[in-house]
Amino acid sequence: MTPPSVVLTIGGFDGSGGAGTLADARAIQLNGGYSCAIVTAITAQNTTSVDHIEPVSPALIRRQLQCVVEDFQIDAIKIGMLPTVECVDTLTRYLGAGGFRCPVVVDPVMCATSGGQLINDDVLGALIDRLVPLTTLITPNVAEAGELTNRLIKTIEQAVEAGRQLVRMGCKHVLVKGGHLDVDRGTDVWCHEDGFETFEPTEVQDGTVRGTGCMLSSAIACYLAQGRPMREAILSSKAFVNRAIANRHSLGKGTALTAVGIQVPRA
Ligand code: PLP
Numbered sequence: 048m049t050p051p052s053v054v055l056t057i058g059g060f061d062g063s064g065g066a067g068t069l070a071d072a073r074a075i076q077l078n079g080g081y082s083c084a085i086v087t088a089i090t091a092q093n094t095t096s097v098d099h100i101e102p103v104s105p106a107l108i109r110r111q112l113q114c115v116v117e118d119f120q121i122d123a124i125k126i127g128m129l130p131t132v133e134c135v136d137t138l139t140r141y142l143g144a145g146g147f148r149c150p151v152v153v154d155p156v157m158c159a160t161s162g163g164q165l166i167n168d169d170v171l172g173a174l175i176d177r178l179v180p181l182t183t184l185i186t187p188n189v190a191e192a193g194e195l196t197n198r199l200i201k202t203i204e205q206a207v208e209a210g211r212q213l214v215r216m217g218c219k220h221v222l223v224k225g226g227h228l229d230v231d232r233g234t235d236v237w238c239h240e241d242g243f244e245t246f247e248p249t250e251v252q253d254g255t256v257r258g259t260g261c262m263l264s265s266a267i268a269c270y271l272a273q274g275r276p277m278r279e280a281i282l283s284s285k286a287f288v289n290r291a292i293a294n295r296h297s298l299g300k301g302t303a304l305t306a307v308g309i310q311v312p313r314a
């Protein structure tokens with residue numbers, strides 16, 4: 048049996064498993080990869096709200112990275128919640144030192160669906176200056192793309208302009224997720240150095256699920272780790288997220304959880 052590709056997810060720990068590294072690991076495993084995880088923040092949250100966030104110290108992030116990286120060959124990296132500037136700096140120093148040649152997928156997490164802010168106010172500038180230029184694909188929703196580019200995004204044309212700007216800022220590829228667009232809701236925009244393409248929504252997303260952004264970016268990282276081209280990785284991951292939404296369950300008292308109870312066929 049060929050060994051699975053190894054995807055390293057770097058982000059926050061959400062003990063309810065709705066988002067963050069637990070959700071990432073679920074998406075990676077369901078798509079045939081093996082997931083390692085580095086935790087940047089411990090959050091106390093459940094399916095109804097975020098109660099508390101405690102960033103992990105830069106020294107402990109560095110040690111987690113060292114331990115995993117000296118042991119595994121990493122085929123792709125997915126980056127999610129980076130709560131502090133020190134955390135962004137620790138990570139970008141590590142990535143920038145050139146130890147990795149693999150694709151880096153960034154989901155620029157800023158707020159929880161429940162409304163709570165997940166990163167400090169000064170993190171945005173560090174993401175723009177130091178993480179964006181190291182990124183193979185960034186997957187902002189329209190609000191995040193708006194923050195990163197200082198634009199108001201309500202239409203596809205504005206999403207394309209923001210995507211193009213992010214490419215100029217140093218990302219190789221940008222996927223602006225259109226779930227919250229005012230017009231043509233659900234249409235995603237993929238921008239890269241050679242142009243752009245829009246992807247029509249395949250299913251109406253009803254806003255009652257959590258973790259779809261984590262799942263999408265993790266699945267894309269997993270497909271890139273397996274050597275698939277970017278367009279195919281994005282489209283396959285969108286199909287996976289639709290399946291994850293179809294397999295949702297309300298296990299807690301709040302928002303439904305995605306990709307729950309999908310069984311691996313018996314050997
Ligand atoms: N908590 C963590 C650790 C996350 O990484 C994220 C999103 O990526 C969230 C919470 C927010 O998830 P949601 O938007 O599904 O509430």
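Residues 48 to 314 in the working numbering are what the sequence shown lists, from first letter to last.
Glycine is no exception: its CB is placed at the ideal position from the N, C-alpha and C atoms.
Treat the numbers as computed from the prediction; the structure is a model and nothing was measured.
Asked                                                                                                                                  : Found
8 Å Cβ cutoff met for residue 179 and residue 217                                                                                      : yes
Integer Cβ distance of residue 118 from residue 92, believed to fall under 8 Å                                                         : Actually they do not touch by this definition, with Cβ atoms about 30 Å apart.
Assumed close pair residue 188, residue 226 - CB separation to whole angstroms, cut-off 8 Å                                            : 6 Å
Nearest-angstrom beta carbon gap, residue 277 and residue 220 [assumed within contact, 8 Å]                                            : 6 Å
Contacts around residue 260, its chain only, beta-carbon distance under 6 Å, and the 5 residues preceding and following it disregarded : 154
As assigned by DSSP and simplified to three states, the class of residue 238                                                           : strand
Cβ contact (3+ pairs, closer than 8 Å) linking the stretch 168–176 and the stretch 203–212                                             : no
Beta-carbon separation (whole angstroms), residue 125 vs residue 268, contact threshold 8 Å                                            : 4 Å
Which residues DSSP lists as bridging residue 83, in chain order                                                                       : 55
Proximity test, residue 215 beta-carbon vs the ligand PLP heavy atom, cut-off 7 Å                                                      : no
Distance between residue 248 and residue 87 (C-alpha atoms, nearest Å)                                                                 : 32 Å
Segment contact flag, the stretch 49–61 with the stretch 108–123, C-beta cutoff 8 Å, min 3 pairs                                       : yes
Length of the line joining the Cα atoms of residue 190 and residue 200                                                                 : 7 Å
Rounded C-alpha distance that separates residue 101 from residue 136                                                                   : 17 Å
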